[in-house]
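Sequence lines, in order, name chains A and B. Those letters in the first sequence? Residues 1 to 244, per the working numbering, in order. Those letters in the second sequence? Residues 1 to 248, per the working numbering, in order. We treat Cβ as the ideally placed atom computed from N, Cα and C, and that holds for glycine. Here's the structure we're looking at; comments come further down.
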Amino acid sequence: MDTDLLSDTFVELADTMVTDFDIIDFLHLLTDRSISLLAASAAGVVLADPRGELRVAAASSEEAGLLELFQLQNDQGPCLECFRTGRAVTATDMAGPDGRWPRFAEAAARAGFATVEALPMRLRDQVIGALNLFRAEPGPLDPADLRIGQALADVATIGLLHERNVRRRETVAEQLQAALNSRVVIEQAKGKLAERLSIDMDRAFTMLRDYARNTNQRLTDVARDFVDGATADFPPPARRQRGR
Amino acid sequence: MTGSRALAVWGRVAAHAAAYGRRPSVEDVCAVAVSSAQLGGAWVVAARGGEPDFVMYVTDPVSEQLAEVQLMLGEGPCHDVLASAGPVLAGDLGDAESVRRWPAFIPAACQLGAGAVFAFPLIVGAIRAGVLGLYRDAPGPLPGRQLGDLLILADAATVMLLGSAHGDAGNGDGAAVDGQAPDLALHRAEIDQATGMLTVQLGVPVGEAFARLRAYAYSQDRRLADVAGDIVARRLRLGRDPGQDGGP
């Protein structure tokens, strides 16, 4: 483990958690850093929607094979089991005879992953989401890396529930829905920008995120203004005042 | 677990409408919400420009007054849910947090006999169609099971509001809701991305793009997620004139 990288990551994540930070941007950063810290090929934060669905809040890549792996876990796989048990779950040896999740294992192997981990995002007795790690190497994370992975999952929970003191269970549900809707706003903005400039979704996301950072705005606000705006010009010709 | 729960909830809405011999509407959504969560009443407020605008439907006189008083005061859970894009679950209107949060609304709500108010935004990303509000006489939390059902019912009301605002009566989006098996795939990245792409292809606001996407899928008898996937993969473009929809 590169301890400099580890400390840099936690400093960076803590620095990002200032007033009014954007949760989706933050979770995206967290998935990116999880990859470099834990030698993963891909990562994602999946949230438990009370509608009875697991939904992706942030993923390290928009690659269709990866998104399919999140979608599949609504029916089977380590994430679903992590939600049910509240414990970290490792799916390894995808090509081997581990017959628990045949459809998931097949899709994971096809995408080039040998090991998939789901680390619970816990708030007291409630599991609100999971950090999903996808790695090419077979075999579970070693105990030291597993602790770091769990710490990253815990930071994701803190980020998600930052705004208020969450004594009330209701507040968790309120925050979770707002975060899930932010993700939808960003997807709509990605679509509009990708169509306008004939670029792919990953590139559209990067442009939106960079513009938000460079202008000190929340990613969700930039995305909402762009989707709501009458023109498809980006960056917008002049910054509009918020607060209608 | 995907969709089966939503299917069951939509089924209750469809059954309620069928019992009255009518097409499912927000009226049926409100009735199912009230009975499934043992509430006192429900209301739907339509939004314009991201703010609550007018009361569209109420189940009872208390709901009507709860909805109207928020519009009059410009304060309350209905305003907050459109700003935060998450629900407001005020299980005890008498607690200090509620009183601090809505100093004008709380005395009025308590005088009307409401002990708890739950408000759900009728939104899809940047699309803000309105608010579903509910009240109960007795204070107390909303059980997790009921929360899931109410979120699904709010999705149903959102689709109905957007469909009736943008679809044409005969074959528009409202008809998709009318069918026995509504397309429940509301929450997929590709649907949201396709909606964003259609704002440019069709030159329409995002709410109308969403309604057109659903109407197109329905008219072609195809799954919403599949049509969205074709649009995102740039295998399908929709034309500005509804008659021109087709391949690239």
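Residues bridged to residue i (per DSSP)
{"i": "VAL26(B)", "result": "Looking at the DSSP assignment, VAL26(B) forms no beta bridge with any residue, so it has no partner."}
{"i": "TYR57(B)", "result": "VAL44(B)"}
{"i": "GLN126(A)", "result": "LEU123(A)"}
{"i": "ASP49(A)", "result": "GLU53(A)"}
{"i": "GLY191(A)", "result": "BP columns for GLY191(A) are empty, so no partner."}
{"i": "THR19(A)", "result": "None; THR19(A) has no bridge partner."}
{"i": "LEU89(B)", "result": "PHE118(B)"}
{"i": "ALA42(A)", "result": "PHE134(A)"}
{"i": "VAL116(A)", "result": "ALA91(A), PHE134(A)"}
{"i": "ALA251(A)", "result": "A query on residue 251(A) cannot be resolved here, the shown segment of chain A reaching from 1 to 244 and no further."}
Assumed close pair residue i, residue j - CB separation to whole angstroms, cut-off 8 Å
{"i": "PHE134(A)", "j": "ALA40(A)", "result": "6 Å"}
{"i": "GLY229(A)", "j": "PRO235(A)", "result": "That pair is no contact at about 11 Å."}
{"i": "ALA57(A)", "j": "LEU37(A)", "result": "The pair is not a contact, with the Cβ atoms about 19 Å apart (cut-off 8 Å)."}
{"i": "VAL55(B)", "j": "VAL45(B)", "result": "6 Å"}
{"i": "ILE152(B)", "j": "ARG51(A)", "result": "5 Å"}
{"i": "VAL127(A)", "j": "GLY86(A)", "result": "5 Å"}
{"i": "ALA114(A)", "j": "THR90(A)", "result": "Rounded, the Cβ-Cβ distance is 11 Å, inconsistent with contact."}
{"i": "LEU29(A)", "j": "THR16(A)", "result": "6 Å"}
{"i": "LEU13(A)", "j": "VAL155(A)", "result": "6 Å"}
{"i": "PHE253(B)", "j": "LEU93(B)", "result": "It is not possible to answer for residue 253(B), since the shown part of chain B is limited to 1 through 248."}
{"i": "VAL200(B)", "j": "ARG212(B)", "result": "Their Cβ separation, rounded to whole angstroms, is 13 Å, which puts VAL200(B) and ARG212(B) out of contact at 8 Å."}
{"i": "ALA6(B)", "j": "GLY191(A)", "result": "That belief does not hold up - the Cβ atoms of ALA6(B) and GLY191(A) are roughly 23 Å apart, past 8 Å."}
DSSP state of residue i mapped onto helix, strand, coil
{"i": "ASN214(A)", "result": "helix"}
{"i": "ALA232(A)", "result": "coil"}
{"i": "GLN193(B)", "result": "helix"}
{"i": "TYR135(B)", "result": "strand"}
{"i": "GLY148(B)", "result": "helix"}
{"i": "THR90(A)", "result": "strand"}
{"i": "PRO52(B)", "result": "strand"}
{"i": "ALA126(B)", "result": "coil"}
{"i": "VAL227(A)", "result": "helix"}
{"i": "TRP10(B)", "result": "helix"}
{"i": "GLY113(B)", "result": "coil"}
{"i": "GLU75(B)", "result": "coil"}
{"i": "ASP168(B)", "result": "Bear in mind that the predicted position of ASP168(B) carries a pLDDT of just 42, short of 50, making it too unreliable to give a figure here."}
{"i": "ALA104(B)", "result": "coil"}
{"i": "GLY229(B)", "result": "helix"}
{"i": "GLN268(B)", "result": "Nothing about residue 268(B) can be read from this structure; chain B reaches only from 1 to 248."}
{"i": "HIS162(A)", "result": "coil"}
{"i": "GLY243(A)", "result": "Note on GLY243(A): pLDDT 43, under 50, position unreliable in the model; the coordinate value appears next. Looking at GLY243(A) - three-state DSSP - the assignment turns out to be coil, as it is neither helix nor strand."}
{"i": "LEU39(B)", "result": "coil"}
{"i": "ALA17(B)", "result": "helix"}
{"i": "HIS28(A)", "result": "helix"}
Closer than 7 Å: residue i CB and nearest the ligand SAM heavy atom
{"i": "ASN74(A)", "result": "For the ligand SAM, the structure offers nothing, since it holds no ligand at all."}
Next on the checklist: When you compare the region 102-115 of chain B with the region 126-138 of chain B, are there three or more beta-carbon pairs, one atom per stretch, that lie closer than 8 Å?
Outcome noted: Proximity of the region 102-115 of chain B to the region 126-138 of chain B meets the contact definition, three or more beta-carbon pairs being nearer than 8 Å.
Checklist entry - Do the region 187-201 of chain B and the region 180-193 of chain A touch if we need at least three Cβ pairs shorter than 8 Å? => result The region 187-201 of chain B, when compared against the region 180-193 of chain A, does touch it at the 8 Å Cβ threshold.
Item to check | Three CB pairs or more closer than 8 Å across the region 141-155 of chain B and the region 114-129 of chain B | outcome: In short, these stretches touch, since the Cβ pair count reaches three.
Checklist entry - What are the residues of the region 191-222 of chain A that lie near chain B, defined by any Cβ-Cβ distance shorter than 8 Å? => result Listed by position, the residues of the region 191-222 of chain A near chain B (Cβ gap below 8 Å) are GLY191, LYS192, LEU193, ALA194, GLU195, ARG196, MET201.
Next on the checklist: What are the residues in the region 146-163 of chain B lying within 8 Å of chain A by C-beta distance?
Outcome noted: With the criterion set as a beta carbon lying under 8 Å from some beta carbon of chain A, the members of the region 146-163 of chain B are LEU147, GLY148, LEU151, ILE152, ASP155, in sequence order.
Checklist entry - Between the region 136-149 of chain A and the region 75-82 of chain A, do three or more beta carbon pairs fall short of 8 Å? => result Inter-segment contact for the region 136-149 of chain A and the region 75-82 of chain A is absent: fewer than three beta-carbon pairs are separated by less than 8 Å.
Checklist entry - Per the contact definition of three or more C-beta pairs closer than 8 Å, is the region 66-77 of chain A in contact with the region 25-33 of chain B? => result By the Cβ criterion, the region 25-33 of chain B is not in contact with the region 66-77 of chain A, since fewer than three pairs of Cβ atoms, one from each stretch, lie closer than 8 Å.
Checklist entry - Of the residues that make up the region 186-206 of chain B, which ones have a beta carbon closer than 7 Å to any beta carbon in chain A? => result Shown in chain order are the members of the region 186-206 of chain B whose Cβ falls below 7 Å from a Cβ of chain A: HIS187, ALA189, ASP192, GLN193, ALA194, THR195, GLY196, MET197, THR199, VAL200, GLN201, VAL206.
Item to check | Three or more C-beta pairs below 8 Å linking the region 149-166 of chain B and the region 149-158 of chain A | outcome: As far as the Cβ criterion goes, the region 149-166 of chain B does not touch the region 149-158 of chain A, which means the pair count is below three.
Next on the checklist: Measuring CB atoms only, is the region 215-233 of chain A touching the region 5-24 of chain A, in the sense that at least three cross pairs come out at less than 8 Å?
Outcome noted: Output reads yes: the region 5-24 of chain A touches the region 215-233 of chain A.
Checklist entry - Listed in chain order, which residues of the region 175-190 of chain A have Cβ atoms closer than 9 Å to some Cβ of chain B? => result So the list reads GLN175, LEU176, GLN177, ALA178, ALA179, LEU180, ASN181, SER182, ARG183, VAL184, VAL185, ILE186, GLU187, GLN188, ALA189, LYS190, given in the order they occur along the chain.
Checklist entry - Taking a cut of 9 Å between CB atoms, which residues from the region 47-58 of chain B lie near chain A? => result Hits within the stretch, in order: GLY49, GLY50, GLU51.
Item to check | At least three beta-carbon pairs within less than 8 Å, the region 77-88 of chain B to the region 57-64 of chain B | outcome: In short, these stretches do not touch, since the Cβ pair count stays below three.
Next on the checklist: Could you check whether the region 101-111 of chain A touches the region 61-72 of chain A, counting it as contact only if at least three pairs of C-beta atoms, one from each stretch, sit closer than 8 Å?
Outcome noted: With the rule of 3 Cβ pairs closer than 8 Å, the region 101-111 of chain A counts as touching the region 61-72 of chain A.
Item to check | the region 44-64 of chain A in contact with the region 200-208 of chain A per 3-pair CB rule at 8 Å | outcome: With the cut-off at 8 Å, the region 44-64 of chain A and the region 200-208 of chain A touch.
Item to check | Cβ-based contacts, 7 Å cut-off: residues of the region 67-92 of chain B near chain A | outcome: Hits within the stretch, in order: SER84, ALA85, GLY86, PRO87, VAL88, LEU89, GLY91.
Item to check | Positions along the region 116-135 of chain B whose CB lies within less than 7 Å of some CB in chain A | outcome: Residues passing the 7 Å Cβ filter: ILE123, VAL124, GLY125, ALA126.
Item to check | Against chain B: residues of the region 76-91 of chain A by CB proximity under 8 Å | outcome: Under the 8 Å Cβ criterion, the region 76-91 of chain A contributes LEU80.
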